[in-house]
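A.B. asks: In my numbering, the protein residues as written are 2 to 320.
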């Protein structure tokens with residue numbers, strides 16, 4: 002299996018995690034058997050989730066975010082310039098282009114210039130793209146197999162965006178299949194003015210489809226640690242469980258953190274867009290509701306309206 006090759010080559014999981022205790026391989030293997038007992042590939046599923054919780058998530062994001070998904074068929078062409086720039090401008094120490102472990106997660110060596118990153122990327126892109134596609138599929142399969150969470154436990158979940166700060170706020174809109182930038186032409190930088198996106202395909206009432214995995218937590222304060230101008234609040238559909246989001250904290254590299262993920266292809270209806278203030282900072286708050294897959298067999302009755310109600314702890318709306 003391709004992922005096994007990457008594990009043997011010391012590319013998976015992320016090497017020498019500096020800011021979390023991590024988990025030994027045997028613990029991940031045992032967790033896989035417990036969480037995915039129905040498949041002989043339980044270890045690979047567990048490892049793909051664990052790897053996502055480390056700095057490897059940057060690779061898994063970039064190789065999805067910068068796909069021109071309306072050009073041809075999969076595997077879709079990539080915005081190579083934006084990928085190289087995102088790697089080179091990483092500003093989250095120690096996850097920098099001169100760091101051996103960070104660049105190893107892209108099959109590269111430490112780089113001292115954007116040109117160096119571009120040249121290295123051109124030489125590894127075929128294998129890097131295959132790796133990303135394989136691991137993203139395993140991650141999606143794992144997510145869909147994990148237990149659902151009761152909405153009575155968590156009525157709202159939160160995500161600070163963009164959690165990769167060097168991308169900039171105008172990269173947020175290209176996270177969705179509805180973005181016109183997905184149509185290219187190939188080579189056009191995949192950015193779309195945030196304000197224009199909010200007034201068009203991301204406006205209230207529209208449905209958005211994610212290109213990649215989305216991470217959420219149950220705490221506004223935790224989400225805001227990663228926010229660079231946007232706070233997403235997901236409001237549950239009127240059923241007893243979160244049908245399309247999955248609890249992955251058991252496989253997180255840091256047991257002190259709580260995380261849920263939505264798989265690629267998840268659909269959300271935009272409920273509201275607000276200018277809000279959090280601890281003296283003005284940010285954009287976007288509230289969303291997951292749309293259930295057409296294949297969902299939810300047997301639950303609708304819940305009464307009192308269960309819901311979007312709440313913004315420590316946040317005030319700005320007129």
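Every residue gets a Cβ at the ideal spot worked out from N, C-alpha and C, and that includes glycine.
1. Does the Cβ-Cβ distance between residue 78 and residue 134 come in under 8 Å?
2. Tell me where the beta strand (DSSP E) around residue 215 begins and ends.
3. Would a check of beta-carbon distances place residue 32 closer than 8 Å to chain B?
4. Is residue 249 helix, strand or coil by DSSP?
5. What residue range is occupied by the uninterrupted alpha helix (DSSP H) comprising residue 197?
6. Got a sec, what are the start and stop residues for the alpha helix (DSSP H) residue 81 sits in?
7. What separation, rounded to the nearest whole angstrom, lies between the Cα atoms of residue 255 and residue 160?
8. Are residue 177 and residue 210 closer than 8 Å when you measure CB to CB?
9. Which of the three DSSP states, helix, strand or coil, is assigned to residue 289?
10. If contacts are defined as beta-carbon pairs under 8 Å, then residue 180 and residue 202 qualify, I think. What distance do you get, rounded to the angstrom?
11. Looking at the strands, I want to know which residues DSSP matches up with residue 15.
12. Excluding the five sequence neighbours on either side, which residues of its own chain have a C-beta within less than 7 Å of the C-beta of residue 131, listed in chain order?
13. Using three-state DSSP, classify residue 174 as helix, strand or coil.
14. If contacts are defined as beta-carbon pairs under 8 Å, then residue 168 and residue 87 qualify, I think. What distance do you get, rounded to the angstrom?
C.D. replies: By the coordinates alone:
1. no
2. 215-217
3. Here chain B cannot be found, since the structure has a single protein chain.
4. coil
5. 195-199
6. Per DSSP, residue 81 belongs to the alpha helix (DSSP H) from 81-89.
7. CA-to-CA, the gap between residue 255 and residue 160 works out to about 18 Å.
8. yes
9. The answer is strand: DSSP assigns residue 289 an E or B state.
10. At roughly 7 Å, the Cβ-Cβ gap stays under 8 Å, so residue 180 and residue 202 are in contact.
11. Looking at the DSSP assignment, residue 15 forms no beta bridge with any residue, so it has no partner.
12. Same-chain partners within the cutoff: 3.
13. helix
14. 6 Å
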